[in-house]
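Chemist: To start, I am sharing the structure in question, which I have written as structure tokens.
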Amino acid sequence: MSLKNLESQGKIKRVPVDPDTVCRLMEIADRDLSSAKRNFQEHDDEWAYHIAYNALLQAGTCLMHTQGYRPEGREHHYSVELFLSHFLDRNEITIFSRMRKQRHNSVYDRVGAISHTDAESALRNAEVIINRIKTLVRDMGFVIS
């Protein structure tokens, strides 16, 4: 689905490109990833997973802002995923999608559904994809952490 289609369907909305917003969103992603690592070390696997996913979501939203978009509508997280599919490879999108669905399941359907292995994998994958997004953002000329 093209960015124009995402916009016309109300999944993303045009916003002015603001380097400060781009920087702040990546700072939040970094903060959340660090927090997820601390929670994992304290054996709080479920919360570590949720925060690692949120770090990835914030990095994705940061990338959206570099292009003058933000998520819109009820399916905010899915909108970020659809947008990211224009910039990340299929494997990275599959990981994002799996994390999004598993996080949703553990929040709304089945508390305690996150294992230690799930949290460990989420941390590793989130860090790799966030670093990839950082490279893309820097290559676009933005100064971020």
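With the numbering used here applied, the sequence shown covers 1456 to 1600. C-beta: ideal position from N, C-alpha, C; glycine also.
Is it true that the CB of Ile1599 sits closer than 8 Å to the CB of Leu1543?
Modeler: Mapped onto the sequence shown, residue 1543 falls at position 88. Mapped onto the sequence shown, residue 1599 falls at position 144. For Leu1543 and Ile1599, no; Cβs fall outside 8 Å.
Chemist: Figure out for me which residue from Ala1507, Arg1558, Glu1482 has the closest Cα to the Cα of Lys1492.
Modeler: Counted from its first residue, the sequence shown places residue 1492 at position 37. Per the Cα distances, Ala1507.
Chemist: On the DSSP bridge assignment, give the partners of Ile1548 in chain order.
Modeler: Numbered from 1 along the sequence shown, position 93 holds the residue referred to as residue 1548. Paired residues: none, contrary to the question.
Chemist: Which residue comes first and which comes last in the alpha helix (DSSP H) that contains Lys1459?
Modeler: As a first step, residue 1459 is located in the sequence shown; it is residue number 4 there, counting from the start. 1458-1463 is the extent of the alpha helix (DSSP H) around Lys1459.
Chemist: Report the residue ranges of all alpha helix (DSSP H) runs contained in full by the region 1528-1598; include only those spanning at least 4 residues, in chain order.
Modeler: Listed in chain order, they are 1531-1539, 1545-1559, 1571-1594.
Chemist: For chain C, is any of its Cβ atoms less than 8 Å away from the one on Ser1540?
Modeler: Of the protein chains in the structure, only one exists, and it is not chain C.
Chemist: Going straight from the alpha carbon of Met1595 to that of Thr1521, what length do you get?
Modeler: If you number the sequence shown from 1, residue 1595 lands on position 140. If you number the sequence shown from 1, residue 1521 lands on position 66. In a straight line, the C-alpha of Met1595 is about 8 Å away from that of Thr1521.
Chemist: Return the first residue and the last residue of the alpha helix (DSSP H) that Pro1625 is part of.
Modeler: Residue coverage of the chain in this structure runs from 1456 to 1600, which leaves residue 1625 outside it and unanswerable.
Chemist: So Phe1495 packs on Ala1581, CB below 8 Å; how close in whole Å?
Modeler: On the sequence shown, residue 1495 is found 40 positions in, with the first residue counted as 1. On the sequence shown, residue 1581 is found 126 positions in, with the first residue counted as 1. So it is not a contact: roughly 11 Å between Cβ atoms.
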